[in-house]
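Colleague: Each step along the sequence shown adds one to the number in full-length UniProt numbering, with nothing skipped, and position 531 is 531. Don't be surprised by glycine CBs; every beta carbon is placed ideally from N, CA and C. Pasting a structure here, questions to come.
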Amino acid sequence: MIFARFNDIKIGKKLAGGFLVVIAASLVIALFAFSSFSNIKDNSARRSLTVEMVNTLSKARLNRTLFQYTQDEKYAQLNAEAMNQLSVHYSKLAAFHWSDEGADKIASIGDTLSQYKAQRQKFVDVSKVKVQAATAVNAQPLWDVAHQLDGFGVAAAPEAAMLAARMASAVKEATLLAQQFIIAPTEELQQRAMAISDELEKMTSQLQPLLPAEQQSALVAAMAVIEQHTAAMTAYITASTTQNAVSAQLTDAAGKLNTSVAEIFAYQSQLSAGFVKTAEWRIAVASGVCILLSLLIAWRMTRIITVPLGHTLSAAQRIAKGDLTVELDTQRGDEIGQLMQAVNSMNQSLKAIIVNVRDGVSSVARASAEIAAGNADLSSRTEQQSAAVVQTAASMEQLTSTVKQNAENAHHASQLAADASTNAGRGGEIIQKVISTMDGISSSSGKIGEIISVINSISFQTNILALNAAVEAARAGEQGRGFAVVAGEVRNLAHRSSVAAKEIEALISDSVNRVSDGSALVSRAGETMAEIVHSVKQVRDIMGEIAAASDEQNQGISQIAQAMAEMDTTTQQNAALVEESSAAAGSLESQAEQLEQVVAVFKISANESPVRQPAAVSKPLRLQAASPAADAGWETF
1 MIFARFNDIK
11 IGKKLAGGFL
21 VVIAASLVIA
31 LFAFSSFSNI
41 KDNSARRSLT
51 VEMVNTLSKA
61 RLNRTLFQYT
71 QDEKYAQLNA
81 EAMNQLSVHY
91 SKLAAFHWSD
101 EGADKIASIG
111 DTLSQYKAQR
121 QKFVDVSKVK
131 VQAATAVNAQ
141 PLWDVAHQLD
151 GFGVAAAPEA
161 AMLAARMASA
171 VKEATLLAQQ
181 FIIAPTEELQ
191 QRAMAISDEL
201 EKMTSQLQPL
211 LPAEQQSALV
221 AAMAVIEQHT
231 AAMTAYITAS
241 TTQNAVSAQL
251 TDAAGKLNTS
261 VAEIFAYQSQ
271 LSAGFVKTAE
281 WRIAVASGVC
291 ILLSLLIAWR
301 MTRIITVPLG
311 HTLSAAQRIA
321 KGDLTVELDT
331 QRGDEIGQLM
341 QAVNSMNQSL
351 KAIIVNVRDG
361 VSSVARASAE
371 IAAGNADLSS
381 RTEQQSAAVV
391 QTAASMEQLT
401 STVKQNAENA
411 HHASQLAADA
421 STNAGRGGEI
431 IQKVISTMDG
441 ISSSSGKIGE
451 IISVINSISF
461 QTNILALNAA
471 VEAARAGEQG
481 RGFAVVAGEV
491 RNLAHRSSVA
501 AKEIEALISD
511 SVNRVSDGSA
521 LVSRAGETMA
531 EIVHSVKQVR
541 DIMGEIAAAS
551 DEQNQGISQI
561 AQAMAEMDTT
571 TQQNAALVEE
581 SSAAAGSLES
591 QAEQLEQVVA
601 VFKISANESP
611 VRQPAAVSKP
621 LRLQAASPAA
631 DAGWETF
C-alpha cells in the first residue's frame, strides 16, 4: 500500500524526498559529531585546566622550595600568585558538569587543595618566624665581639690572650657556621654551632677570671651578645626544624594534590578516549546507517525509475520492430507511469490502426482479387462470347444457306410425301394379304401339333407294353431272354420316338408361337401402315407449311446475321475495356499485397487479427460451339 502510494508520487518529489532523507541522515551524523566534538571540546577544556593546575602546582612548589632555601620574598610572591591561579583553575574546573566519579575526584582535589593551602599558610608563618630568627642571627655583632676578644690578648697574660684568641676564633667560626646554616642548614652545621656555643660558654668561664675588671665587664657584654646570638640561632634552628616539618607536610599535601590532579587528568584522558571512541562509534554507526539508507534509497529510486523505463524501452523497441502484442499494465501515477500509459495508449491506438489497416487492406485485397477474378472471368467470358459471336455469325451464315436448302428440300419433301402416301396405301394392302397367310399357317401348325400329340401317346403306350413284356420275360427266365431283348429294343425305339415326338412337339409349339407372334406383328404392321399413311398425309401438309416458314426464316436470319456483326464489334470493344479493367484490378491487387506485406511487419494478438475471407472466383461460362452434327441436322431435316 505504501509502495503503491509511493509510486504515485512525482519523480521530482521522490528525488527531493530521497535527498531530504540523505540530508536528514547527514544532519544526524552532524549532530552526533557536534555532540561528540562538544563533549571532546568540553573535556579538552577540562584537560587544559587540569594541565594548567599541574603546571601551576609545579610552579607553586618550585617557588615555595626556592623561597624556603633563599628566603627571597619574590619567590614567596610567585608562590602566592601560583596558589591564587590554582584556586581559579579549580573554580573553573569545578564549574563543569561532572559525573559522580568526576565529582568525587573534583571534591578530592578541593580537599587536598584546602589541605595544601592550610599547610602552606603554616609554612608561610613558620617561614616568617625563621626569617625573623635569621634576621636576629645576622643582627648580632659577632665580628665586633671577635675583634674585641682579639684585643683582650694584648694587655692580658699569655694564657688569657691565648684563650681570648681561641674565643675570638670560635666566635668567628660560629658566625660563619650561622651564615652557612642559614644558607644551607644541615644537621652537622647545627651540631657544630651548638658545640661552639657550649665551648664559648666554657671558655668564657675560663677567661673571665684571667682578665682584669674592666675587661671582665667587656667580656660579660660580649657574652651577652654571644648568648643573644645563641638564642637567635636556637630560635632559627627551631624555626628551621618546624619549617622542615611543615615543608614535609606541605610536600605531602602537594603530592596528594598532585595525585588528585593526576587522577582527574587520567580520568579526563579516559573520558577523552571514551568520548573519542563513542564519537567514532556513533559517527561510524550513523555513517553506516546513512550509507545503507542512502544505498537503499538509491537502489530503490534506481529500481523505481530504471525498471519501468527498461520495460517501457523494451516495449518501445518491440513496437519499433512491429510487435504490437506488448502490454504495459501499470497503476503508477508518476511521470514514468504516465509515460508507460502513454506508450500503452499509443500501442493500443497503433494496434487499432494496424487492425483497421489490415482489415481495410484485407478487404481491398479481397475486393481487388474479386475484381481481378471477375474481370478475368468477364474477360474470359467476353472472349468466349466474342468467339461465340464469331462462331454464331458463321453458324448463321451456314444456317442461312441451310434454311435456303431446307426450303428447297421442304418443297421436294412435300412431293416425296405425296408419293410416299401412295406407296403406303399399297403397302397396307400387301400387309392385309400377309395377315391372311399367317392365319392359315397358324391353323396348320395347330393341326400338326395334335398329330404329334397322338404320336407321343402311342410312344408312351408302346413303352408301357415293352415294360410289361420285360417283366413277363423276366418271369419266364431263360426261355424269355430273347423276348426280353426284343422288348428292350422296342422300349428303346418307343423311348426314342417319344423323345423325337417331344422335340417335334416343342418345335411345332415354337413355330406356332412364332406364327402367332408374326400374325400379331403383321396385324400391328397393318395398323401401323394405316397410321403411316395418315401421318404421311399430315407430313405432306406440314412440309408445305415448313416450306413457307423456311422462306420467312431466311429473311429473319439475314437480319440476325447483321445484328451479330454489330454485336461482334461491341463485344470486341467490351473485351478491350475488360482487359484494361483487369490490368487495373491486378495493379490494385499487387499494391494491396505490398501494403499487406508492409503492415504484416506489425504483430498483433490472434484474437484481434482480421479474418481474411478468400475471394470468390467466378467460374467462366463455357459456351459450346455448334457441332457439325447440329449442322447436319439442319441439312437433313
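1) Quick check on DSSP: helix, strand or coil for Asp329?
2) Count the other CB atoms within 10 Å of the CB of Lys202; is the residue buried (16 or more) or exposed (fewer)?
3) Taking 8 Å as the threshold (C-beta atoms), are Ser498 and Ser459 in contact?
4) Output the boundary residues of the alpha helix (DSSP H) element that contains His89.
5) With DSSP run on the structure shown, which of helix, strand or coil describes Asp252?
6) Would you call Thr175 buried or exposed, if buried means 16 or more other Cβ atoms sit within 10 Å of its Cβ?
7) Between Gln77 and Ser35, what straight-line distance do the alpha-carbon atoms span, to the nearest angstrom?
8) My guess is that Val28 and Ala286 are in contact by the Cβ rule of under 8 Å, so how many angstroms apart are they, rounded?
9) So what's Asp377 in DSSP terms, helix, strand or just coil?
10) Short of 7 Å in beta carbon distance, which residues of its chain neighbour Ser523, apart from the five on each side in sequence? Order them along the chain.
11) Between Gln385, Met301, Gln479 and Gly274, which has its C-alpha nearest Ser44's C-alpha?
12) Does any residue of chain B have a CB that is nearer than 8 Å to the CB of Val21?
13) Nearest to Asp329 by alpha carbon, out of Asp323, Lys321, Gln317 and Ser345?
14) Run through DSSP, which three-state label would Asp334 get?
15) Just checking my contact of Leu399 with Ile557 at CB under 8 Å: how many whole Å lie between their CB atoms?
16) Just to confirm before moving on: does the CB-CB distance between Val9 and Ile264 stay below 8 Å?
17) CA-CA distance, Glu370 and Met301?
18) Assuming Tyr116 and Leu257 form a contact by the criterion Cβ under 8 Å, report the distance between their Cβ atoms to the nearest whole angstrom.
19) Look at the alpha carbon of Leu416 and the alpha carbon of Arg426, and state the distance between them as a whole number of angstroms.
20) Does the Cβ-Cβ distance between Asn347 and Leu324 come in under 8 Å?
21) Is Ala561 closer than 8 Å to Glu397 when the C-beta atoms are compared?
22) Within the same chain, show all residues whose beta-carbon is closer than 6 Å to that of Ser108, passing over the 5 residues directly before and after it, in chain order.
23) Quick one: grab the DSSP three-state call for Gln228.
24) DSSP three-state call for Gly477: helix, strand or coil?
25) Roughly how many angstroms lie between the CA atoms of Asp541 and His411, to the nearest whole one?
26) When burial is assigned at 16 or more other CB atoms within 10 Å of the CB, is Thr50 buried or exposed?
27) To which residues of the same chain is Glu505 closer than 6 Å at the C-beta, ignoring the five residues directly before and after it?
28) Among Asn463, Asn456 and Val515, which has the Cα closest to the Cα of Ser445?
29) Taking the alpha-carbon positions, what's the Ala413 to Leu378 distance?
30) Using a Cβ-Cβ cut-off of 8 Å (strictly less than) and excluding sequence neighbours within five positions of Ala316, which residues of its own chain qualify?
31) Taking buried to mean at least 16 other C-beta atoms within 10 Å of its own C-beta, is Lys277 buried or exposed?
32) Output the distance between the C-alpha atoms of Gly12 and Gly322, rounded to the nearest integer angstrom.
33) Which word fits Ile237, buried or exposed, when buried means at least 16 other C-beta atoms lie within 10 angstroms of its C-beta?
34) For Val294, which residues from the same chain have a beta carbon less than 6 Å from its beta carbon, with the 5 sequence-adjacent residues on both sides left out?
Modeller: On the basis of the coordinates in this document:
1) DSSP places Asp329 in coil when its eight states are reduced to three.
2) Under this definition Lys202 is an exposed residue.
3) For the 8 Å CB-CB criterion, Ser459 and Ser498 form a contact.
4) Element bounds for His89: Glu73 to Ala95.
5) Here Asp252 sits in helix by DSSP.
6) Buried is the call here.
7) Straight across, the Cα-Cα distance linking Gln77 with Ser35 is about 43 Å.
8) Indeed they touch by this definition, with Cβ atoms about 6 Å apart.
9) Here Asp377 sits in helix by DSSP.
10) Same-chain partners within the cutoff: Ile435.
11) Minimum Cα distance to Ser44 is reached at Gly274.
12) Of the protein chains in the structure, only one exists, and it is not chain B.
13) For the residues Asp323, Lys321, Gln317 and Ser345, the minimum Cα distance to Asp329 belongs to Ser345.
14) Coil.
15) For Leu399 against Ile557, the beta-carbon gap comes to about 6 Å, under 8 Å, which counts as contact.
16) What sits at residue 9 in the sequence shown is Ile, not Val. Cβ atoms of Ile9 and Ile264: not closer than 8 Å.
17) Using only the alpha carbons, I get a separation of about 59 Å.
18) Rounded, the Cβ-Cβ distance is 5 Å, consistent with contact.
19) Distance from the CA atom of Leu416 to the CA atom of Arg426, rounded to whole angstroms, is 15 Å.
20) If you check the CB distance, Asn347 and Leu324 come in under 8 Å.
21) Taking the C-beta atoms as reference points, Ala561 is found nearer than 8 Å to Glu397.
22) Only Ser260 meet the Cβ criterion.
23) If DSSP states are grouped into helix, strand and coil, Gln228 belongs with the helices.
24) Three-state DSSP puts Gly477 in coil, outside helix and strand.
25) The alpha-carbon atoms of Asp541 and His411 are separated by roughly 11 Å.
26) Around the beta carbon of Thr50, a 10 Å sphere encloses 16 or more other beta carbons of the protein chains shown; the residue is thus reported as buried.
27) Correct list, in chain order: Ile452.
28) Looking at the Cα atoms, Val515 is the closest of the given residues.
29) Ala413 and Leu378: Cα-Cα distance of roughly 46 Å.
30) Leaving aside the five residues that flank Ala316 on each side, the residues in its chain whose CB is nearer than 8 Å to its CB run, in chain order, Val343.
31) It counts as exposed.
32) Rounded to whole angstroms, the gap between the alpha carbons of Gly12 and Gly322 is 33 Å.
33) When all chains shown are included, Ile237 counts as buried.
34) Note on identity: in this sequence residue 294 is Ser, with Val being the wrong assignment. For Ser294, where only same-chain residues beyond five positions count, the Cβ hits under 6 Å are Val22.
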